[in-house]
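Colleague: Numbering (this note's numbering), first residue to last: 12 to 269.
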Ligand code: MG
Ligand code: MG
C-alpha cells in the first residue's frame, strides 16, 4: 500500500529532510585527505542528536552506524570506521534521520581532494540523473518514468545503472512502497499521485552494472572494481510539481535543474 501524505504532513516531513541536507552539507565541507569515515560518522551523529533527531540507519537491521560511507568501488552501505580518505578518492555519504516521527533520506558523492576526470564526470552525471528522475515525479506520471529518465541519462554518458538496489517511498517509515528502480521502460508501475513522497536514489557505475556484497554483510561493491557514485533526495509529488524535502536551508528551490 502506498501511503499518500497531506500537504500538512509533507510540511511536517520537511524538518527531518532539512536536517539531513544540513548534515550532508557539513560533511561535504569536512571531507579531505586524512579524515576517517568514522570521524565523519561521529560528526553526523552528534549533529543529528543535537537537533533532537535520531539517526535512521543506526540499528536498522543491525547496521552499526549513522552514515553509510562508500569509497571508490563501494556502491552503498559501506560501514564507517578507521578508513583514512586519500587524495583522489570519491566518497558516497548516505544519511537518514527521523525527527518528529518522519524520516528524511539523502545521499551525495563527494571528491576527496582532486579527482581524475572520469571520477568527476561520474559524480556530475549521477547527480544530473537524480535531477532527471526528480523532474518526472509529477502527478499523472508513472513510477517507471523516474527510472527511465535516470537510465537514459546515465547510459548516454557510457556509465551503467545498478539494478540490485532501488529507491523507495518514505514517510513515517524509512522504506515504504513503492520501490523506485533506476532503470526500465517508461509508463509502467503505479501512477504518481499528489502526496506520494519518494526517495529517489540512482547508483551509477563507471563499468558494468553488477554488484556484490562483501563478507561484512553490508558493503556493496562493483563486481568489476570500477568506481560508483550515489545521489539521493527525498521528494514529494505535489500539484505544483516535485518538491525536494532534503535541501539544506529554506529549500524553496524547485526541481528540474541538472
Ligand atoms: Mg539513503
Ligand atoms: Mg534511501
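Glycine included, every Cβ here is placed at the ideal spot set by N, Cα and C.
Leaving out the 5 sequence neighbours to the left and right, which residues in its chain are closer than 6 Å to residue 237 when beta-carbon positions are compared?
Modeller: For the purposes of this step, residue 237 is identified with residue 226 of the chain shown, where counting begins at 1. The residues are 216, 217 and 218.
Colleague: Give the range of the beta strand (DSSP E) segment to which residue 118 is assigned.
Modeller: For the purposes of this step, residue 118 is identified with residue 107 of the chain shown, where counting begins at 1. Start and end: 113-122.
Colleague: Our contact map puts residue 257 next to residue 245 with C-beta atoms below 8 Å; I'd like the distance itself, whole angstroms only.
Modeller: Taking the chain shown and counting its residues from 1, one reaches residue 257 at position 246. Taking the chain shown and counting its residues from 1, one reaches residue 245 at position 234. Residue 257 to residue 245, Cβ: 5 Å. Contact.
Colleague: Just list the residues that DSSP pairs residue 108 with in beta bridges.
Modeller: The residue given as residue 108 occupies position 97 in the chain shown. Paired residue(s): 66 and 115.
Colleague: Return the chain-ordered list of same chain residues with a C-beta closer than 7 Å to the C-beta of residue 294, the five sequence neighbours on each side being excluded.
Modeller: There is simply no residue 294 to check, as the chain begins at 12 and stops at 269 in what is shown.
Colleague: For ligand 2, any of its heavy atoms closer than 7 Å to the Cβ of residue 140?
Modeller: In the chain shown, the residue the question calls residue 140 occupies position 129. No, ligand 2 has no heavy atom inside 7 Å of this Cβ.
Colleague: Measuring CB to CB, does residue 21 end up less than 8 Å from residue 210?
Modeller: Start at 1 with the first residue of the chain shown, and residue 21 comes out as number 10. Start at 1 with the first residue of the chain shown, and residue 210 comes out as number 199. No, these two residues do not count as a Cβ contact at 8 Å.
Colleague: Which parts of the region 167-215 are runs of the beta strand (DSSP E), unbroken and 3 residues or longer, counting only runs that do not cross its ends?
Modeller: Counting only runs of 3 or more, we get 178-180, 187-191 and 208-211.
Colleague: Is the separation between the beta-carbon of residue 32 and that of residue 259 shorter than 8 Å?
Modeller: On the chain shown, residue 32 is found 21 positions in, with the first residue counted as 1. On the chain shown, residue 259 is found 248 positions in, with the first residue counted as 1. Cβ distance < 8 Å, so residue 32 and residue 259 count as in contact.
Colleague: Between residue 26 and the rest of its own chain, which residues show a CB-CB distance below 7 Å, the 5 nearest in sequence each way excluded?
Modeller: Residue mapping note: residue 26 aligns to position 15 of the chain shown, counting from 1. Here the set comprises 110 and 111.
Colleague: Using a Cβ-Cβ cut-off of 8 Å (strictly less than) and excluding sequence neighbours within five positions of residue 267, which residues of its own chain qualify?
Modeller: Position 256 of the chain shown, counted from the first residue, corresponds to residue 267. A caution first: residue 267 carries a pLDDT of 41, below 50, which makes its placement in the model too unreliable to give a value.
Colleague: Between the C-alpha atoms of residue 114 and residue 255, what's the straight-line distance to the nearest angstrom?
Modeller: By one-based count along the chain shown, residue 114 stands at place 103. By one-based count along the chain shown, residue 255 stands at place 244. So the two alpha carbons sit approximately 13 Å from each other.
Colleague: Are the CB atoms of residue 42 and residue 121 within a distance shorter than 8 Å?
Modeller: Stepping through the chain shown from its first residue, residue 121 is reached at position 110. Stepping through the chain shown from its first residue, residue 42 is reached at position 31. The answer is yes: Cβ separation under 8 Å.
Colleague: When the Cα of residue 261 is compared with those of 16, 12, 30 and 13, which residue comes out closest?
Modeller: Along the chain shown, one-based indexing puts residue 261 at 250. Nearest of 16, 12, 30 and 13 to residue 261, Cα basis: 30.
Colleague: Within 7 Å: the Cβ of residue 179 and any heavy atom of ligand 2?
Modeller: For this step, residue 179 is matched to residue 168 along the chain shown. Yes, the Cβ of residue 179 comes within 7 Å of a heavy atom of ligand 2.
Colleague: Measuring straight from C-alpha to C-alpha, what distance separates residue 167 and residue 135?
Modeller: For the purposes of this step, residue 167 is taken as residue 156 along the chain shown, with counting starting at 1. For the purposes of this step, residue 135 is taken as residue 124 along the chain shown, with counting starting at 1. About 13 Å.
Colleague: In whole angstroms, what separates the C-alpha of residue 88 from that of residue 129?
Modeller: As a working note, residue 88 is residue 77 in the chain shown. As a working note, residue 129 is residue 118 in the chain shown. Using only the alpha carbons, I get a separation of about 23 Å.
Colleague: What residues are listed by DSSP as bridge partners for residue 164?
Modeller: For the purposes of this step, residue 164 is taken as residue 153 along the chain shown, with counting starting at 1. Answer is none; residue 164 lacks a bridge partner.
Colleague: Among the residues of its own chain, which have a CB less than 8 Å from the CB of residue 69, if the five just before and after it don't count?
Modeller: Taking the chain shown and counting its residues from 1, one reaches residue 69 at position 58. Once the five neighbours on either side are set aside, the close Cβ partners of residue 69 are 56, 75, 76 and 77.
Colleague: For the candidate residues 117, 53, 60 and 59, whose alpha-carbon lies nearest to that of residue 90?
Modeller: Counting from 1 along the chain shown, the entry for residue 90 is found at position 79. That would be 53, whose Cα lies nearest to the Cα of residue 90.
Colleague: Which residue wins for smallest C-alpha separation from residue 104, given the options 12, 96, 92 and 118?
Modeller: Taking the first residue of the chain shown as position 1, residue 104 is located at position 93. It is 118.
Colleague: Using the C-alpha atoms, what's the distance from residue 151 back to residue 39?
Modeller: Translated into the one-based positions of the chain shown, residue 39 becomes position 28. Translated into the one-based positions of the chain shown, residue 151 becomes position 140. Looking at the two C-alpha atoms, the distance is approximately 35 Å.
Colleague: At a threshold of 7 Å, does residue 115 count as lining ligand 1 (C-beta to nearest heavy atom)?
Modeller: Taking the first residue of the chain shown as position 1, residue 115 is located at position 104. Outside the cutoff, so no.
Colleague: Keeping to the same chain, check which residues put their C-beta closer than 8 Å to that of residue 195; ignore five residues upstream and five downstream.
Modeller: Taking the chain shown and counting its residues from 1, one reaches residue 195 at position 184. Closer than 8 Å at the Cβ level, and outside the excluded window around residue 195, lie 155, 158, 159 and 162.
Colleague: Residue 124: which of 171, 98 and 62 sits nearest, CA to CA?
Modeller: Taking the chain shown and counting its residues from 1, the one referred to as residue 124 is at position 113. For the residues 171, 98 and 62, the minimum Cα distance to residue 124 belongs to 98.
Colleague: Between residue 9 and residue 182, which are expected to be in contact by the criterion C-beta below 8 Å, what is the C-beta distance as a whole number of angstroms?
Modeller: A question about residue 9 goes unanswered here, because the residues of the chain that appear run from 12 up to 269.
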